[in-house]
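Here's the structure we're looking at; comments come further down.
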Amino acid sequence: MNTAAWWLVLLQALLFLLGAPLLVAWVRRVKARLQNRRGASLWQPYRDFYKLFAKETLVAHTASPVFRAAPYIVFGSTLLACMVVPLLALGLPSAAVADVIVLVGFLALGRFFLTLAGMDIGTAFGGMGASREMLVSALAEPAMLMAVFTLAMTAHSTNLASIAEHQLSTGLILRPSYLFALMGLVLVAIAETGRIPVDNPTTHLELTMIHEAMLLEYSGRHLALMEWAAQLKLMLYGVLIVNVFLPWGIATEFTPLALAVGLLAVVGKLIFLGLLLGVAETGLAKMRLFRAPQFLNLALLLALLGLLSHVILEGGA
Amino acid sequence: MNLTHLTLLEQAVFVLAALVLFLSFSLLAQARLLAGIHIFAWQGGVLALATGLIAATSDEPHLFISAALTFGLKALTIPWMLHRLVRRLELERHADPLQHPALVMMAGAALVIFSYWVVAPIEQLELAGIRNILSISLAVVLLGLLIMVTRRQAVTQVIGFMSMENGLFLAAVAATQGMPLVVELGIAFDVLVAAVLFGVFFLHISESIDSLNVDRLNRLSTREDDGV
Amino acid sequence: MTALLITVFAPLTGALILPLVRSLRLAGWLNLGFCATSLAGSVWLALQIMDAGELTGNGFHIDAFNIYLVVLTAFVGLTTAIFSRPYMTHICREGRVSARRMRLYHSMFQGFMFTMLLALTTNNLGVLWVAVEGATLATVLLVSLYRTPESVEAAWKYFILCGVGIALALFGTVLVYFAAQQALTDSSEGLRWTTLYAEAGRLHPMVMAIAFVFLLVGYGTKVGLVPLHHWLPDAHSEGPTPISALLSGLLLNVALYAVVRFKMLVDGALAATDKAAIAGHLMMGFGLLSFLVAGLFLYRQRDIKRMFGYSSIEHMGLMTFAFGLGGPLATFAGLLHMLVHSLTKSAIFITVGHATHIAGTQSIDHIRGLIRTQPAVGWGLLLGVVAIAGFPPFGIFTSEFLLLMATMQRWPWLTMILVLGLVMAFAGLFRHLHPMVYGKIPEGQQPVTANMLPVMLHLGLVFCLGIAIPAFLARWLDQATFLISGSHLL
């Protein structure tokens, strides 16, 4: 039983690794269709990775060891963060560390090295990207913590698996606090994963880019790892949102049937989420960087309202 | 109070009440006049929906009338009138940004906590649900007040005033299943007349000071200061 | 019941008919006629009440507390209409107001009277709210009647501040209704004042206490209590003078009436708890603050109507304090003060209307030598101010004296503050009054046609009330005192 469960943990990680590029490809596909283009095949991100891994990796001569180590650390910490989030099943052995604060910690570690790497070479763009990233994350992190704490107050636990379990056991209850926390978390996710309207993942225009600016000096497998980490992060937020707020379908026992249902459920939810994201990104314009703080203030406000309405409307229950 | 004891419809009322509160915050943050009017219209719509749901759950048929009245008045008529006035006074692109948005937002959050604190002493257990909605509606009222205090534009002040009225209506509907119909009709009539009068005043003010910036309505206070 | 219907609905008929009357002359007389009808109705009603004690039904409720206010309201309405007819004709001839706006004026005059009388007589707290809000709506266009930038500003302030205040009052009303629903078996009765009054002890005390805070702030805005008083001097100074007289003489009274009605409920609900006097203490605090602040502000006024606006705040503060103090003596004083202040203040505003007409300005610095230009107006102003400052033998002296006695019994050290405030207000008024009445006449100042009948009537009544209170009125006031404070004075 125990070994099987550990295998399941690894399987989840593998699914994250393989699913993340697919999710990104799906969002791109949706956007392409909405813009009346045919769009690239769903396998395109894998082909890109194959190409990048095969290529020679060039490193600037001013680079320090941090620059070389950063892709591995970023990738590794993001993957670890992914393993914390329940994907297919609840009650896995990894659930013991599946704590919100651990999750935020892993993500912060990755971001720290990402920004270090951005500044390491000493080009203007890298530093600019790093400072913008820090601006966004400094505002996004409290909002995210507050949103998740709203959930934690309802479930009396900061453990993601327990929060999802609590949600499953009480059945469908319309909680205003969940609604606000959900909206806040969506905004945070958009900011953190660098989607429109905060950042544009496809742009390389120096005035606007945030995430891409930090990766400008990377090439080859370094670049591939960084890109992959970014895609993992998108999927991580997606799974976090769907599985914590709408955990229905997730496996609570380790039978093949339950796991298959869990897989189907999460894939279905992610497809739907990707659809929404694609539609939203097509409809919205990227906003000026100076308005990003306002955007994140809104997220913070929503999270705060979530907390307040939890206390006021749900009376701490 | 435990939400789990309520039916789904009653839970939905709570969610809608929370949404009304959220829309008040959006009104507070919104700088552009037209967007503000639209948010106000949405607030009226959500309120009407909440009223309808309460009517459905509590078996008070006259609440359906007030739901329809609210929808017609607050989601359609008044926003439409404001919209028309704004177009007539050529203020479509006008914005009325806040001076210190973060501070105002914090003040708004503090008002929410304050209103909870005010209503908290009503401690009988069976009233808890109503108490909670009361504190939300009080918060909406106070936020409307805050909008009026922080804004310089006559139109935004009026929107703040009307959203205050929304908070009151929420209180009346949620806590007491609506006032008696006579009173409700009277209130609706007063609100309508007030809205018309506000429109008349926009014209007068813009005629007399060439703008709708209420900060420039200070002749009387400066006159008094001269007297010192 | 017929008498009541005539009293309340004659003005409503007027409000509906007068917009259609094109002739200004006819409209003025009709305005007067409707007010006279209403007064006749109210006197008839008063005679009925004298026999029956009280009258309840069809959503109305008349008892000793509101009957004298009804008669007072109808009476001041009539005398103001008498003053308004020639005065507004003159204003219209000067070209400050168009004929079309005069139709609005007359219609709203009657509309205002209707809402006042409805607010006083209704038995339903919700209708009370609607009527008081309706009074704001009716008067707001009257305040801006001249359409000068200042008057528009004053009206805007009036509208916004009173609108906000009245919204808070509605929140309080909702809370009261909520408390009633919890306590009463028949929830549709939840806003009926008589039912609530009978069952006051069963209302949830905490809810009622919170509700009262909102009601006091809400209706208190209309009473003109500091710090929500800013609309009052503006509206008084910029509106037409008859409207200033009505606002000061009637609207403030009606708002205070609403506060006291609610206080009666709250006292009943809180009687058994350890915070029984909280409503009274709140009213005392606000009242005293308004009294002192307005007294201080009297000094620095340069506009004559503004000055008397502040004087109204001062007196309303005093009454609020009196009702807050509670007990039969203070309550009696408060009731009497409502009556005499209303009569005196409307008389003063009517005189001020003539004075500004003579001087052609509202600026205190330019109103000079009234007593020599036109003795009737000069004496009217002098006597009016003497009366409002609380000199014997006028009625205000009686009520203020009673209030001081009551304060001495219950809160001796507050008496000092009250006396200090009265002296301050007296000094502030007389500092401005003396040059206006006796000063050097500016060149070319001519007497105007002035009808001093309303002023003489009002001041005469105040004088009589200062000498002796008629037995029937004393009985009413005593009965009202009993209703409010729970024990008789006489």
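Chains as they are written, first to last, in my numbering: chain L, 82 to 398; chain W, 2 to 229; chain R, 571 to 1060.
Glycine included, C-beta positions come from ideal geometry on N, C-alpha and C.
All figures in this text were calculated on a predicted structure; none of them were measured in a lab.
Of all Cβ atoms in chain R, is any one closer than 9 Å to the Cβ of W/A32? no
Starting from R/H911, trace the alpha helix (DSSP H) both ways and give me its first and last residue. 897-929
Please name the residue or residues paired with L/R180 in a DSSP beta bridge. According to the sequence provided, residue 180 of chain L is Asp. The question's Arg does not apply to it. L/D180 is bridged to L/N240.
If we cut at 9 Å on Cβ distances, does R/P797 have a partner in chain W? no
Hey, is R/N628's beta-carbon within less than 9 Å of any beta-carbon in chain W? no
Compute the Euclidean distance between the alpha carbons of L/L184 and L/T159, then round it to the nearest angstrom. 9 Å
Within the 9 Å Cβ cut-off, does L/F194 reach chain W? no
Residues bridged to R/L625 [DSSP beta-bridge criterion]: R/I632
Apart from the five residues just before and just after L/H285, which ones in its own chain have a Cβ nearer than 6 Å to its Cβ? E293
Expressed to the nearest angstrom, what Euclidean distance is found between the alpha-carbon atoms of L/W309 and L/A101? 8 Å
On the criterion of 16 or more Cβ atoms from any shown chain inside 10 Å, does L/A332 qualify as buried, or is it exposed? buried
Reference L/V320, options L/E362, L/G343, L/L365, L/L338, closest by Cα: L/G343
In this structure, how does DSSP classify R/D873 when only helix, strand and coil are distinguished? strand
Can you tell which of R/T843, R/E970, R/V956, R/L754 has the C-alpha that lies nearest to the C-alpha of R/F861? R/E970
Mind checking if W/P62 is an interface residue toward chain R, Cβ cutoff 9 Å exclusive? no
Would you say R/G665 reaches chain W, if we count a Cβ-Cβ gap shorter than 9 Å as a contact? no
Looking only at its own chain, which residues have a Cβ that is under 6 Å from the Cβ of R/N823, when we skip the five neighbours before and after it? M908, S912
Please confirm whether W/F115 has its beta-carbon closer than 9 Å to some beta-carbon of chain L. no
Select from the segment 91-110 of chain W all residues with a C-beta closer than 7 Å to any C-beta belonging to chain L, and list them in chain order. A103, M106, A110
CB W/G46 to CB W/F72, shorter than 9 Å? yes
Residues of chain L with CB closer than 8 Å to the CB of W/Q44, please, in chain order. Here the premise fails: no neighbours, minimum Cβ distance about 15 Å.
So R/W1046 and R/Y638 are in contact, right, with Cβ under 8 Å, and what is the actual spacing, rounded? 5 Å
Runs of alpha helix (DSSP H) wholly within the segment 940-1026 of chain R (minimum 4 residues, chain order): 940-943, 945-958, 965-980, 982-1008
Can you name, in chain order, every residue of its own chain whose Cβ lies under 8 Å from the Cβ of L/L171, other than the five neighbours on each side? A242, A245, E246, L249, P328, I331, A332, T333
Which residues DSSP lists as bridging L/A332, in chain order: L/A170
Could you tell me if L/G252 is buried or exposed, where buried requires 16 or more neighbouring beta carbons within 10 angstroms of its beta carbon? exposed
Within 10 Å of its beta-carbon, does R/W801 have 16 or more other beta-carbons around it, so buried, or fewer, so exposed? buried
Check W/A175 in the structure and name its three-state DSSP category. helix
Does the beta-carbon of W/F170 have 16 or more other beta-carbons within 10 angstroms, so that it is buried, or is it exposed? buried
Got a sec, what are the start and stop residues for the alpha helix (DSSP H) L/E298 sits in? Element bounds for L/E298: n/a, residue is neither H nor E.
Anything in chain W within Cβ reach of R/W726, meaning under 8 Å, just list it in chain order. A155, F202, I206, V215, L218
I need the DSSP call for W/T71, collapsed to helix, strand or coil. helix
As an exercise, report each continuous alpha helix (DSSP H) stretch of at least 4 residues that is fully enclosed by the segment 732-775 of chain R, in chain order. 763-768
Check whether the Cβ atoms of L/V108 and L/L268 lie closer than 9 Å to each other. no
Test: L/E222 CB closer than 9 Å to a CB of chain W: no
Tell me where the alpha helix (DSSP H) around W/Q44 begins and ends. 34-59
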